[in-house]
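Mind the numbering: the sequence shown is residues 23 to 259 in the working numbering, read in order.
From the three backbone atoms N, C-alpha and C, an ideal C-beta is built for every residue, glycine too.
Note that the structure is predicted; figures quoted are calculated from it, not measured.
Data first, discussion second: the structure below is written as structure tokens.
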Amino acid sequence: MACKQQWQGVSTSSGSGGIVVEPNWRKVRHFEGGKYPKPVRLFLSLSCQHCEEPACAQACPTRRYIKRDPEWIRRQPWIKERSGKYYVVISPSREEEIPDNLIMSNGRLLEDGLVIYNDVIFGLEGRGDYRNHRCIQCGLCEKECPYQVPKKNPNPQDGHDPRWEKCIGCCTRVQQGMPPACVQNCMGLALEMKPLEVLKGLTSEVPGFRYEGTKPSVRFIPVRFPLPENITETTNL
Ligand code: SF4
Ligand code: SF4
Ligand code: SF4
Numbered sequence: 023m024a025c026k027q028q029w030q031g032v033s034t035s036s037g038s039g040g041i042v043v044e045p046n047w048r049k050v051r052h053f054e055g056g057k058y059p060k061p062v063r064l065f066l067s068l069s070c071q072h073c074e075e076p077a078c079a080q081a082c083p084t085r086r087y088i089k090r091d092p093e094w095i096r097r098q099p100w101i102k103e104r105s106g107k108y109y110v111v112i113s114p115s116r117e118e119e120i121p122d123n124l125i126m127s128n129g130r131l132l133e134d135g136l137v138i139y140n141d142v143i144f145g146l147e148g149r150g151d152y153r154n155h156r157c158i159q160c161g162l163c164e165k166e167c168p169y170q171v172p173k174k175n176p177n178p179q180d181g182h183d184p185r186w187e188k189c190i191g192c193c194t195r196v197q198q199g200m201p202p203a204c205v206q207n208c209m210g211l212a213l214e215m216k217p218l219e220v221l222k223g224l225t226s227e228v229p230g231f232r233y234e235g236t237k238p239s240v241r242f243i244p245v246r247f248p249l250p251e252n253i254t255e256t257t258n259l
């Protein structure tokens with residue numbers, strides 16, 4: 023709900039009367055296991071895992087995704103630096119400058135690790151200019167993400183084409199020193215965003231959640247009671 027409120031009705035700089043997007047990028051996902059008479063049902067609130075090696079970014083043929091990690095950015099053969107500016111090489115004959123406010127602060131690359139994409143952030147007040155979305159609707163980001171996080175917004179009301187979207191870690195809020203909307207509004211205080219190095223005692227593996235080669239950045243407080251091994255996700259994605 024907080025995610026929806028934060029990002030719903032994001033206005034566009036296209037002057038087309040504003041867009042209405044219906045994001046709900048955080049979902050409470052359902053897991054079940056055990057057996058009668060002791061069945062177990064668990065819930066995990068999950069959004070994008072902002073992976074250390076994001077498969078979405080490698081899969082996207084138009085190079086729409088960027089991870090705000092200087093080391094990762096420098097490793098990508100399709101991101102070039104020239105005179106302190108960064109460019110996405112989309113094809114041998116086409117490259118686009120990454121707007122400074124997406125990845126830079128005070129002349130330095132941001133390193134919050136958030137996996138963002140090009141269209142959501144730049145534009146009016148740092149919020150959506152969907153004319154530049156570059157999404158060709160191939161669905162590869164969703165297919166390659168081990169958690170099928172990116173989802174198609176089939177009916178954006180901004181006059182532009184459908185596009186794949188996902189949680190952007192409330193990067194504009196984070197850049198201003200604020201917590202993500204879902205964190206701020208979680209009544210159970212179940213969500214936090216912290217640097218990975220201070221979460222060392224926590225785990226990325228709980229029954230039902232698969233730790234994948236993309237190295238998800240999500241961490242969980244370990245459960246204090248034994249769980250059955252056969253827990254599987256039953257969410258209808
Ligand atoms: S969870 Fe999926 S969409 Fe999110 S960063 Fe990882 S690979 Fe990309
Ligand atoms: S659906 Fe769009 S964002 Fe996803 S991989 Fe294809 S072009 Fe990239
Ligand atoms: S971090 Fe922001 S964009 Fe991501 S799920 Fe939470 S509210 Fe939505």
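If you draw a straight line from the Cα of asparagine 207 to the Cα of serine 69, it is about 15 Å long. A buried status is given to proline 76, since no fewer than 16 other beta-carbon atoms sit within 10 Å of its beta-carbon. A straight line joining the alpha-carbon of threonine 256 with that of glutamate 103 spans about 44 Å.
Take leucine 249, set aside five residues on each side of it, and the residues of its chain with a beta-carbon closer than 6 Å to its own are Pro229, in chain order.
For isoleucine 190, the CB falls within less than 6 Å of some heavy atom of ligand 3. Secondary structure of tryptophan 29 (DSSP, three-state): helix. In this structure, the C-beta of leucine 162 approaches ligand 2 to less than 6 Å from one of its heavy atoms.
Leucine 66 sits in a strand when the DSSP states are folded into three classes. Phenylalanine 247 is not a Cβ neighbour of threonine 225, given a cutoff of 7 Å. In its chain, beyond the 5 residues on either side, His72, Arg90, Gly191, Cys193 have a beta carbon closer than 6 Å to the beta carbon of leucine 136. Apart from sequence neighbours up to five positions away, the residues of its chain that approach glutamate 117 with a beta-carbon distance below 8 Å are Lys102, Tyr109, Val110, Val111, ordered along the chain. According to the DSSP assignment, arginine 185 belongs to the beta strand (DSSP E) that extends over 185-187.
For lysine 165, the secondary structure class from DSSP, reduced to helix, strand or coil, is helix. With respect to the C-alpha of proline 83, the residue from Ile120, Leu218, Arg51, Arg156 having the closest C-alpha is Arg156.
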